[in-house]
Amino acid sequence: MPILTELVPTVLGVALLALLATAVLAAYRVPHRWAPALAILRGAAQLAVISLVLAGVITEPVWVALALLVMFGVAASTATHRIGWSREHALMMSTAMFTGVVISFSVVFVTGAIEFSSRYALAIGGIVIGNSMSIATLAGRRFTEAVDDRWDEVEGWLALGATPRQSTLEQARGAVYSALIPSVDQTKTTGLVTLPGAFVGAIFGGVSPLEAGRFQVVVLAAIMAAGSITAVMVAAWLAPVRVRPARLR
80 MPILTELVPT VLGVALLALL ATAVLAAYRV PHRWAPALAI LRGAAQLAVI
130 SLVLAGVITE PVWVALALLV MFGVAASTAT HRIGWSREHA LMMSTAMFTG
180 VVISFSVVFV TGAIEFSSRY ALAIGGIVIG NSMSIATLAG RRFTEAVDDR
230 WDEVEGWLAL GATPRQSTLE QARGAVYSAL IPSVDQTKTT GLVTLPGAFV
280 GAIFGGVSPL EAGRFQVVVL AAIMAAGSIT AVMVAAWLAP VRVRPARLR
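If you read the sequence shown in the working numbering, its first letter stands for residue 80, the second for the next number, and so on.
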């Protein structure tokens, strides 16, 4: 009964926030206005399932590894769909994200910045994979949009004898910078504008603020490293353009 009592206000609050987001988008006639509400609904359902699953396996390395693998697969698939599904795009997103995540993980745990354990691997893994997904998506979309918007310029470079990669180098570099802006801003304003969930959750769990801060700094650095590697690989992979890319939806 106490759980039900707490659940009702939560459901009510989330439902009102979802409706508010939809109403604002509908009033401005934004396409796909139901996307935020559907995302909230899907996220809630997935969190409910994963909470039940992780409660029993969070200390088992094999199951934690499987959970991270599933997270990564969904993240890579989501990022791929955002720039247009194809085998090449799927390979690109998977390779770029995997490289960034593995390298940042290796640095974090090999240096001893964070103790290597199932709990920490799962906590850091979920955060870094999620952010890498967003950065990969932004890098891919920004590059495609920039090339499409400045296609006359790209064609001009090609006509002058530049290689396909050289002709879009400026757009590729700009896409990497743009993709990292949200993460850079969030990182440099942490503690002043935002209090990350990992930091707050650790404190609520009884960890000292200093220890929670140490953990959060490592997480933020891992996000920046993984995101930088991912964004550069995505942009570099897409850079050799020979035909004008289709507009993204």
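Using N, Cα and C, we set each Cβ at its ideal position, and we do this for glycine too.
In this text, all values refer to a predicted model and were calculated from it rather than measured experimentally.
Alpha-carbon spacing of residue 350 relative to residue 246, whole angstroms: Residue 350 lies beyond the residue range present for the chain, which begins at 80 and ends at 328; the question has no answer from this structure.
Closest by CA to residue 172, which one among 268, 269 and 153? For the purposes of this step, residue 172 is identified with residue 93 of the sequence shown, where counting begins at 1. Selected option, being the one with the closest Cα: 153.
Suppose only complete runs of 4+ residues qualify. What are the alpha helix (DSSP H) ranges in the segment 187-229, listed by chain order? 197-228
Output needed for residue 258: all residues of its chain with C-beta closer than 7 Å, excluding positions within five of it in sequence on either side, in chain order. Position 179 of the sequence shown, counting from 1, holds the residue named residue 258. Once the five neighbours on either side are set aside, the close Cβ partners of residue 258 are 214, 217, 218, 221 and 310.
Own chain, CB closer than 7 Å to residue 225, minus 5 neighbours either side, in chain order: Taking the first residue of the sequence shown as position 1, residue 225 is located at position 146. Around residue 225: 250, 253 and 254.
Taking 7 Å as the threshold (C-beta atoms), are residue 92 and residue 147 in contact? Working through the sequence shown from its first residue, we reach residue 147 at position 68. Working through the sequence shown from its first residue, we reach residue 92 at position 13. No, these two residues do not count as a Cβ contact at 7 Å.
Across the segment 113-129 and the segment 280-297, are there enough close Cβ pairs to call them in contact, namely three or more that are closer than 8 Å? no
CB of residue 193 within 7 Å of CB of residue 297, strictly: What you label residue 193 is simply residue 114 of the sequence shown in a count that begins at 1. What you label residue 297 is simply residue 218 of the sequence shown in a count that begins at 1. Yes, these two residues count as a Cβ contact at 7 Å.
For a test of the three-state rule: what should DSSP assign to residue 178, helix, strand or coil? Counting from 1 along the sequence shown, the entry for residue 178 is found at position 99. DSSP places residue 178 in helix when its eight states are reduced to three.
Put residue 269 into one of helix, strand or coil per three-state DSSP. The count along the sequence shown starts at 1 and reaches residue 269 at position 190. Note: residue 269 maps to strand in three-state DSSP.
Go ahead and pull the three-state DSSP assignment for residue 139. Translated into positions along the sequence shown, residue 139 becomes position 60. Residue 139: coil per DSSP, three-state reduction.
What span of residues does the alpha helix (DSSP H) with residue 309 cover, start to end? Residue mapping note: residue 309 aligns to position 230 of the sequence shown, counting from 1. Element bounds for residue 309: 288-317.
Is the beta carbon of residue 183 less than 7 Å from the beta carbon of residue 304? Here residue 183 corresponds to residue number 104 of the sequence shown, with the count starting at 1. Here residue 304 corresponds to residue number 225 of the sequence shown, with the count starting at 1. Yes, Cβ-Cβ distance for residue 183 and residue 304 is below 7 Å.
Compute the beta-carbon to beta-carbon distance between residue 282 and residue 207, rounded to the nearest angstrom, for a pair I have assumed lies under 8 Å. The residue you call residue 282 lines up with position 203 of the sequence shown. The residue you call residue 207 lines up with position 128 of the sequence shown. About 21 Å; that fails the 8 Å criterion.
Going by DSSP, what residue range makes up the alpha helix (DSSP H) through residue 244? In the sequence shown, counting from the first residue as 1, residue 244 sits at position 165. Element bounds for residue 244: 243-246.
Measure the C-alpha to C-alpha separation of residue 280 and residue 174 and round it to an integer number of angstroms. Taking the sequence shown and counting its residues from 1, the one referred to as residue 280 is at position 201. Taking the sequence shown and counting its residues from 1, the one referred to as residue 174 is at position 95. Roughly 31 Å separates the two Cα atoms.
Are the Cβ atoms of residue 327 and residue 157 separated by less than 7 Å? By 1-based counting over the sequence shown, the position of residue 327 is 248. By 1-based counting over the sequence shown, the position of residue 157 is 78. Taking 7 Å as the Cβ cut-off, residue 327 and residue 157 do not qualify as a contacting pair.
Does DSSP put residue 257 in a helix, a strand or coil? By 1-based counting over the sequence shown, the position of residue 257 is 178. Helix.
From the DSSP output, in three-state form, read off residue 239 for me. Taking the sequence shown and counting its residues from 1, the one referred to as residue 239 is at position 160. Residue 239: coil per DSSP, three-state reduction.
Whole angstroms is fine: what's the gap from residue 248's alpha carbon to residue 188's? Your numbering for residue 248 matches position 169 in the sequence shown. Your numbering for residue 188 matches position 109 in the sequence shown. Between residue 248 and residue 188, the C-alpha separation is close to 34 Å.
Looking at C-alpha atoms only, which residue of 116, 118, 143 and 117 is the closest neighbour of residue 56? This structure cannot settle anything about residue 56, because the visible part of the chain is limited to 80 through 328.
Nonlocal neighbours in the same chain, by C-beta distance under 6 Å from residue 151, ignoring five residues either side: Counted from its first residue, the sequence shown places residue 151 at position 72. These residues qualify, in order along the chain: 208.
If you drop the 5 nearest sequence neighbours on each side, which residues of the same chain put their C-beta closer than 8 Å to that of residue 324? Translated into the one-based positions of the sequence shown, residue 324 becomes position 245. Result list for residue 324: 223, 226 and 227, in chain order.
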